[in-house]
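A.B. asks:
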Amino acid sequence: MASSSVPKIKNICVFCGSNPGKEKEFLESANHLGRVLAERKIHLVYGGGSLGLMGSVSIAAFLGGSQVLGVVPKALAEGDIIGKTVGEELQVSTMSERLSVMFNHADAFIALPARQILISAATAEQLIDELQSFIPVVDSSMSRLNWSITERRKKLRLDLSLSL
Numbered sequence: 163m164a165s166s167s168v169p170k171i172k173n174i175c176v177f178c179g180s181n182p183g184k185e186k187e188f189l190e191s192a193n194h195l196g197r198v199l200a201e202r203k204i205h206l207v208y209g210g211g212s213l214g215l216m217g218s219v220s221i222a223a224f225l226g227g228s229q230v231l232g233v234v235p236k237a238l239a240e241g242d243i244i245g246k247t248v249g250e251e252l253q254v255s256t257m258s259e260r261l262s263v264m265f266n267h268a269d270a271f272i273a274l275p276a277r278q279i280l281i282s283a284a285t286a287e288q289l290i291d292e293l294q295s296f297i298p299v300v301d302s303s304m305s306r307l308n309w310s311i312t313e314r315r316k317k318l319r320l321d322l323s324l325s326l
């Protein structure tokens, strides 16, 4: 009998704001999550910069020893709108490409602060444990869909002709 093992999460993408939010608990939670990622030797993928929640989680992860990858659209990097990226910075052309690159570099995703949590836990440690033990339900109809952005763009054509 073959044993079923859950792959270990090595890279987590954290989606959060470049603003610290109205509640100090948001900033504290982002900082704590960054420290837990580092303790668990999990690498961070994020939207780049050093401001707000993004800055808090990235700085804590980086200082704790995690590899950090900030994915930044060139327009934001050139304008210094988001602050200096902590760790490695990968510049992309568009926001769409940014999401695609982040998706391709991560094993799991966390959104801070979240209004709806698919996997919830009382602490960052428990959240990482829940993510690592999560077994996705495979929907065979989803595997037949083409999720490639490049292929979808090729098929997308907009007819702007006006017929009267």
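The opening position of the sequence shown corresponds to residue 163 in this note's numbering, with each subsequent residue numbered one higher. Note that beta-carbon positions come from the ideal geometry of N, C-alpha and C, so glycine has one too.
Between which two residues does the beta strand (DSSP E) holding L206 run?
C.D. replies: On the sequence shown, position 44 is the one that residue 206 refers to. H205 to Y208 is the extent of the beta strand (DSSP E) around L206.
A.B. asks: Quick one: what does DSSP say V248 is sitting in, helix, strand or coil?
C.D. replies: The residue labelled residue 248 in the question sits at position 86 within the sequence shown. Here V248 sits in coil by DSSP.
A.B. asks: Pull up the distance between the alpha-carbon of K172 and that of I204, whole angstroms please.
C.D. replies: Translated into the one-based positions of the sequence shown, residue 172 becomes position 10. Translated into the one-based positions of the sequence shown, residue 204 becomes position 42. Straight-line Cα distance between these residues: approximately 5 Å.
A.B. asks: With DSSP run on the structure shown, which of helix, strand or coil describes A268?
C.D. replies: Here residue 268 refers to the residue found at position 106 when the sequence shown is read from its first residue. Three-state DSSP puts A268 in coil, outside helix and strand.
A.B. asks: I'd like the list of long-range same chain contacts for G227, defined as Cβ closer than 8 Å, with 5 residues on each side in sequence excluded.
C.D. replies: By 1-based counting over the sequence shown, the position of residue 227 is 65. So the list reads A200 and K203, once near-sequence residues are dropped.
A.B. asks: Select from V219, A222, E259 and M216 the residue whose C-alpha is nearest the C-alpha of K236.
C.D. replies: Taking the first residue of the sequence shown as 1, we reach residue 236 at position 74. For K236, the nearest C-alpha among the options comes from E259.
A.B. asks: For A273 and F177, I'd like the C-alpha separation in whole angstroms.
C.D. replies: Position 111 of the sequence shown, counting from 1, holds the residue named residue 273. Position 15 of the sequence shown, counting from 1, holds the residue named residue 177. If I take the Cα positions, the gap works out to 5 Å.
A.B. asks: Could you tell me the boundaries of the alpha helix (DSSP H) in which G232 lies?
C.D. replies: Indexing the sequence shown from 1 puts residue 232 at position 70. Note, G232: premise wrong, no alpha helix (DSSP H); beta strand (DSSP E) at V230 to P235.
A.B. asks: For V219, tell me which candidate among K170, R197, L289 and Q294 has the shortest Cα-Cα distance.
C.D. replies: Within the sequence shown, the letter at position 57 stands for residue 219. The residue with the shortest Cα to Cα distance from V219 is R197.
A.B. asks: List the whole-angstrom C-beta distance separating E271 from G249, where the pair is believed to meet the contact cut-off of C-beta under 8 Å.
C.D. replies: On the sequence shown, position 109 is the one that residue 271 refers to. On the sequence shown, position 87 is the one that residue 249 refers to. In the sequence on display, residue 271 carries Phe and not Glu. Incorrect: roughly 18 Å between the Cβ atoms, too far for contact.
A.B. asks: Between G214 and N181, is the Cβ-Cβ spacing less than 8 Å?
C.D. replies: Along the sequence shown, one-based indexing puts residue 214 at 52. Along the sequence shown, one-based indexing puts residue 181 at 19. It is a contact, given that the beta carbons lie within the stated cut-off.
A.B. asks: Taking a contact to mean a Cβ-Cβ separation below 8 Å, would you say Q253 touches A239 in this structure?
C.D. replies: Position 91 of the sequence shown, counted from the first residue, corresponds to residue 253. Position 77 of the sequence shown, counted from the first residue, corresponds to residue 239. Closer than 8 Å, so yes.
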